[in-house]
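**Student:** Per this note's numbering, the very first residue in the sequence shown carries number -14; after that it's consecutive.
For every residue, glycine included, the Cβ atom is placed at its ideal position computed from N, Cα and C.
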Amino acid sequence: MNEQADRERFEELKAERAIFGLSEPELAELMQLSNQLPHEDLDDFDRVAATVEQVLSEPIKEPIPARLRQTLRTQAKGFLGEHTESPDSADNPPTTVSLPPQPPTDRAGKRRAWLPWLVSAACLAFALFIWYDGRSPDLTPSQMRSELLASATDIVQVDWSPGPTPIEGASGDVVWSHKRQQGYMRFRKLPINQPSKEQYQLWIFAKSQDEATPIDGGVFDVDSENEVIIPIDAKLRADDVYLFAVTIEKPGGIVVSSRERLPLLAKVD
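(1) Can you tell me whether residue 166 is buried or exposed? The criterion is at least 16 other CB atoms within 10 Å of its CB, across all chains shown.
(2) Where does residue 134 fall in DSSP's three states?
(3) Whole angstroms are fine: how far does the CA of residue 0 sit from the CA of residue 177?
(4) Please report the distance separating the alpha-carbon of residue 70 from that of residue 16.
(5) Buried or exposed: where does residue 203 fall if 16 or more other Cβ atoms within 10 Å of its Cβ makes it buried?
(6) Give a yes or no on contact between the segment 217 to 226 and the segment 188 to 203, applying the rule of three or more CB pairs nearer than 8 angstroms.
(7) In chain order, what residues of the same chain have a beta carbon less than 8 angstroms from the beta carbon of residue 240, not counting five sequence neighbours either side?
(8) By Cβ distance, which residues of its chain are closer than 7 angstroms to residue 208, with the 5 residues on each side in sequence left out?
(9) Tell me whether residue 250 sits in a helix, a strand or coil according to DSSP, three-state version.
(10) With distance defined between alpha-carbon atoms, name the residue in 146, -8, 142 nearest to residue 22.
(11) Going by C-alpha to C-alpha distance, which of 156, 233, 169 sits closest to residue 141?
(12) Of the choices 160, 162, 155, 181, whose alpha-carbon is the least far from that of residue 248?
(13) Going by beta carbon distance, what residues of the same chain come within less than 8 angstroms of residue 183, once the five residues before and after it are set aside?
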């Protein structure tokens, strides 16, 4: 076979392995083609099948968005249109949809006949998974912080210390993952602010950024003097962070801070 035919056969065998399983001769053929096509992914169909199985085993507790539902419906109609035959023309829309031909009775022929249908179904199910898995979980900032601490392997955690204009009793810490560019601030006894008058703003000092213009880490409010956890909202990528600072600014924050009111610092060792 030529290279194009090899690739098509390789894709067919991968899909069959993920959906039906392969006989020993077919598996040997798949391995041979994998060696001949080293840049091709051998396990992509298996990963899709495993993912589809996982998501279909979990109940979906909220309705599918209308836009996604329409997209899936359109794709399904398009696929059915490619695999059905009808004598009707565009001027005479079909009133019925013909069924696919009866699959052959032999095992290999039956698999080939139904394979496109099952692969298409898997792709549609996988699209559902992308929506299902991509939804924002209803986690509190505290839970998201705990999840980051448990899963990230490069966590930096530093305590707040008094800045040039300290606030008595204010404490807490910062956690930050460089790889994920994600982090959280935790405060205790930081005074509640009135957003219409002033807001807190985080600044991230990184070796990738001039010290005169640190990275804006987001404007935030404090609504309790008990423990408050705020997600960091870095406006730029922060490489080699060495200092976090909190200032008090006008509502909406500022591009370059005068640093006149700088109550908290967290230095990374």
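**Tutor:** This is what the structure gives:
(1) In the sequence shown, the residue the question calls residue 166 occupies position 181. Burial is judged here by how many other beta carbons sit within 10 angstroms of a residue's own beta carbon; residue 166 has fewer than 16 and is exposed.
(2) As a working mapping, residue 134 is identified with position 149 in the sequence shown. Helix, per DSSP.
(3) If you number the sequence shown from 1, residue 177 lands on position 192. If you number the sequence shown from 1, residue 0 lands on position 15. For residue 177 and residue 0, the distance between alpha carbons rounds to 58 angstroms.
(4) Here residue 70 refers to the residue found at position 85 of the sequence shown. Here residue 16 refers to the residue found at position 31 of the sequence shown. Here the model assigns residue 70 a pLDDT of 44, short of 50, so the residue's position is not dependable, and the following value carries that caveat. Going by the C-alpha atoms only, they are around 36 angstroms apart.
(5) Along the sequence shown, one-based indexing puts residue 203 at 218. With 16 or more Cβ atoms within 10 Å of its Cβ, residue 203 is classed as buried.
(6) yes
(7) If you number the sequence shown from 1, residue 240 lands on position 255. 201, listed in sequence order.
(8) In the sequence shown, residue 208 corresponds to position 223, counting from 1. Within the same chain, residue 208 has close Cβ partners 177.
(9) Within the sequence shown, residue 250 is the residue found at index 265, counting from 1. Assigned with DSSP and collapsed to three states, residue 250 falls in strand.
(10) Along the sequence shown, read from residue 1 onward, the residue named residue 22 stands at position 37. Ranking 146, -8, 142 by Cα distance to residue 22 puts -8 first.
(11) Locating residue 141 in the sequence shown gives position 156, where the first residue counts as 1. Among 156, 233, 169, the Cα nearest to that of residue 141 belongs to 169.
(12) Residue numbering aside, residue 248 sits at position 263 when the sequence shown is read from its first letter. Of the candidates 160, 162, 155, 181, the one whose C-alpha sits nearest the C-alpha of residue 248 is 155.
(13) In the sequence shown, residue 183 corresponds to position 198, counting from 1. Result list for residue 183: 233, 234, 235, 236, in chain order.
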